[in-house]
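In the numbering used here, the protein residues as written are 1353 to 1542.
As structure tokens, then:
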């Protein structure tokens, strides 16, 4: 989406800093709070500041990734890997084993997104590595108002309804704002 990271400026700065100091950063939070969007922006910023890094994004599709890992990470170099919904990846240990290739000239950094209910499971896997966890919370009412303004929604009744529907969840707020803009009726927001 072509929307700024509203209300995430401080978290963005902290995560970028955390990635420079740690092998792994974990973005934890409820579904729809913007973990993936934030992770992609951090990935982009890291690439700007560290052009020698090759970036890769992984998502669970139920396939065995062993062969792919050996193909894509067999040459010396620096790699930043985003694993979205890391808790769904059944063979995360295969990715963590890439850290053992440092002697082969392979440097790995990971950004993991995880739903908060599965955070402990991921911590159990990564506990022997340098990592930092960042909790991504729902947006407050002021940030939802700013988001609504991006959709040219200024009516306080619409904004209040969007906030109640979304409960601070940016994904739901964007969806509700899209409907409100298109329909221009308060009744369209159930």
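Quick reminder that beta carbons are idealized off the backbone N, C-alpha and C, glycines included.
- In this structure, DSSP gives residue 1359 a state outside helix and strand, which the three-state scheme calls coil.
- Scanning 1359, 1375, 1358 for the CA closest to the CA of residue 1482 turns up 1375.
- According to the DSSP assignment, residue 1483 belongs to the beta strand (DSSP E) that extends over 1483-1488.
- From the listed residues 1435, 1391, 1393, 1429, the smallest Cα separation to residue 1474 is found for 1435.
- Counting only runs that start and end inside the region 1403-1470, the alpha helix (DSSP H) elements of at least 4 residues fall at 1418-1424, 1444-1448.
- Around residue 1386, the same chain offers 1522 as residues with beta carbons nearer than 6 Å, after the five sequence neighbours per side are excluded.
- The Cβ-Cβ distance between residue 1444 and residue 1477 falls below 9 Å.
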